[in-house]
Amino acid sequence: MVGGLAGVLRVVSLLHSRRYPVRNLSRASAGMAGQIPAPWWLRAVADGTLDSREQGFRVEDRIAQLLGRRPGWEFVPWAADGESGYWEFMPSERGKSGHAIPTTVMNTDRHTGWIDVLPAHTGATPDPIAIAGLAGLRSRLGEIEAVR
21 MVGGLAGVLR
31 VVSLLHSRRY
41 PVRNLSRASA
51 GMAGQIPAPW
61 WLRAVADGTL
71 DSREQGFRVE
81 DRIAQLLGRR
91 PGWEFVPWAA
101 DGESGYWEFM
111 PSERGKSGHA
121 IPTTVMNTDR
131 HTGWIDVLPA
141 HTGATPDPIA
151 IAGLAGLRSR
161 LGEIEAVR
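When we follow the numbering used here, the leftmost residue of the sequence shown carries the number 21, and every step to the right adds one.
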């Protein structure tokens, strides 16, 4: 039998780590060399701002349902190592504005709206624009798609 408060804490810690192994591994690894490559939803779960991986997938799926039906949007399934894919608005690239990099919609753990937009640009990457969730993205699509 495990004795005392220290023993109880070890048992609770063990049970907790078995229930949340990926989150706990992420937390442990992050302290070793700064932020480790990981999908946005894993960082959010590790930070306690998102309850589960399933909620993160739901956010991604809803964005796909919205943008996948609209002309000009393309999903890019690869990003940096460990990162999730993102959406590009292709008409914003090399349009009248001459931008080399298209408008990009990506998921983030920077805020609980979970969506950032990088405006079309050439040169230095602009600061991301925080979007207030799917409703915010839907309401701002006209503005986002206007850059060409």
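Beta carbons are placed, not taken as given, at the ideal position from N, Cα and C, and that holds for glycine.
query: Going by other Cβ atoms of all chains shown within 10 Å of its Cβ, with 16 needed for buried, is Glu163 buried or exposed?
result: For the purposes of this step, residue 163 is identified with residue 143 of the sequence shown, where counting begins at 1. That one is exposed.
field: chain C contact for Asn127 (CB, 8 angstroms cutoff)
entry: In the displayed structure, chain C is absent; only one protein chain is listed.
- prompt: Quick one: complete beta strand (DSSP E) runs, 3+ long, within the stretch 89-132?
  reply: Counting whole runs of 3 or more residues, the stretch 89-132 contains the beta strand (DSSP E) stretches 93-96, 106-109 and 123-127.
- request: Could you have a look at Val22 and say whether DSSP puts it in helix, strand or coil?
  value: Stepping through the sequence shown from its first residue, residue 22 is reached at position 2. With a pLDDT of 47 at Val22, under the threshold of 50, the modelled position of that residue is not reliable, and the figure given next carries that caveat. Looking at Val22 - three-state DSSP - the assignment turns out to be coil, as it is neither helix nor strand.
- request: Under 8 angstroms by Cβ, that's how I've got Leu154 and Ile83 pegged, so tell me the actual separation to the nearest angstrom.
  value: Counting from 1 along the sequence shown, the entry for residue 154 is found at position 134. Counting from 1 along the sequence shown, the entry for residue 83 is found at position 63. About 7 angstroms; that satisfies the 8 angstroms criterion.
message: Within the continuous alpha helix (DSSP H) that includes Ile83, where are the two ends?
response: In the sequence shown, the residue the question calls residue 83 occupies position 63. Membership of Ile83 in the alpha helix (DSSP H) is indicated by the continuous run Arg73 to Leu87.
message: So for Val167, helix, strand or coil by DSSP?
response: Your numbering for residue 167 matches position 147 in the sequence shown. DSSP places Val167 outside both helix and strand once states are collapsed to three, so it counts as coil.
- request: Please classify Glu108: is it buried, with 16 or more other beta-carbons within 10 angstroms of its beta-carbon, or exposed?
  value: Taking the first residue of the sequence shown as position 1, residue 108 is located at position 88. Label assigned to Glu108: buried.
- prompt: Does the separation of the CB atoms of Val137 and Pro148 fall below 8 angstroms?
  reply: The residue given as residue 137 occupies position 117 in the sequence shown. The residue given as residue 148 occupies position 128 in the sequence shown. Yes, these two residues count as a Cβ contact at 8 angstroms.
field: Local conformation of His36 per DSSP, three classes
entry: Locating residue 36 in the sequence shown gives position 16, counting from the first residue. At His36 the pLDDT is 48, less than 50, meaning the model places this residue with poor confidence; the figure from the coordinates comes in the next sentence. Under the three-state reduction of DSSP, His36 is assigned to helix.
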